[in-house]
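Start counting the sequence shown at 471; every next residue gets the next number (my numbering). C-beta atoms are modelled at their ideal positions from N, C-alpha and C, and glycine is treated no differently. Heads up, the thing below is written out as structure tokens.
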Amino acid sequence: MKKGKLLTWVLILLSLVYILISLFLDWETGKEAGEFLKKNVIEMIAILPCAFILIGLFESWVKRETVEKHLGEGAGWKSYLWVFLLGGITLGPMLVALPVASALWKKGAALSVIIAYLGASAVCRIPMTIFEASYLGIPFTLVRYLTAIPLVLVSALMMGRALKGKMP
Numbered sequence: 471m472k473k474g475k476l477l478t479w480v481l482i483l484l485s486l487v488y489i490l491i492s493l494f495l496d497w498e499t500g501k502e503a504g505e506f507l508k509k510n511v512i513e514m515i516a517i518l519p520c521a522f523i524l525i526g527l528f529e530s531w532v533k534r535e536t537v538e539k540h541l542g543e544g545a546g547w548k549s550y551l552w553v554f555l556l557g558g559i560t561l562g563p564m565l566v567a568l569p570v571a572s573a574l575w576k577k578g579a580a581l582s583v584i585i586a587y588l589g590a591s592a593v594c595r596i597p598m599t600i601f602e603a604s605y606l607g608i609p610f611t612l613v614r615y616l617t618a619i620p621l622v623l624v625s626a627l628m629m630g631r632a633l634k635g636k637m638p
């Protein structure tokens with residue numbers, strides 16, 4: 471087993487042992503960590519199967535040429551519009567966006583477009599925007615969008631340019 475994988479498994483095991491000891495010794499932080507872990511595992515079990523089914527359908531139904539045409543290197547500025555729309559309708563945690571990004575990469579999307587998608591799915595989700603606007607107000611949401619969208623675009627373009635040719 472590689473050193474990194476061994477360290478990962480040791481940390482996971484230590485965390486679980488800490489949670490179990492916390493339950494017996496009534497340590498509040500460990501009990502909270504256990505509840506947080508339980509909540510996240512249940513959420514992943516509920517969301518991931520559906521997400522993987524949709525990603526599988528995307529991989530089998532959408533042709534590589536279509537993705538390359540609309541999201542590939544030569545697609546232009548419209549590709550960023552497409553991924554912001556796709557990121558806006560992505561439901562669930564960022565954990566769902568990562569397999570979608572992988573599927574886009576396999577289908578020939580440009581790296582900067584994929585990075586923009588990841589940023590958009592973190593920043594521009596419609597359910598999150600509605601929740602935010604209802605609690606913090608529309609002016610706050612507009613300012614956040616007007617700040618976040620250019621930053622996502624600039625960082626995606628910079629990272630895409632910096633990593634070009636370095637990805638497998």
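Just the C-alpha distance for residue i and residue j, rounded to the nearest angstrom, thanks.
i: Leu556; j: Phe522; result: 16 Å
i: Ile482; j: Ile584; result: 30 Å
i: Val532; j: Ile608; result: 36 Å
i: Arg534; j: Lys577; result: 5 Å
i: Ala579; j: Met564; result: 19 Å
i: Arg595; j: Gly635; result: 30 Å
Exposed or buried, what is residue i when buried is set at 16 or more other beta-carbons lying within 10 Å of its beta-carbon?
i: Ser582; result: buried
i: Ile491; result: exposed
i: Ser591; result: buried
i: Ile559; result: exposed
i: Phe554; result: buried
i: Val593; result: buried
i: Gly500; result: buried
i: Gly526; result: exposed
i: Arg631; result: exposed
Roughly how far, in whole angstroms, is the beta-carbon of residue i from the beta-carbon of residue j, given that I think they are within contact range, below 8 Å?
i: Ala586; j: Val622; result: 6 Å
i: Ala618; j: Thr611; result: Contact flag wrong, Cβ pair sits at about 10 Å.
Whole alpha helix (DSSP H) runs in the segment 486-533 with 4 or more residues, listed along the chain?
498-531
Counting only runs that start and end within the segment 532-577, where is the alpha helix (DSSP H) found for 4 or more residues in a row?
534-541, 548-559 and 564-576
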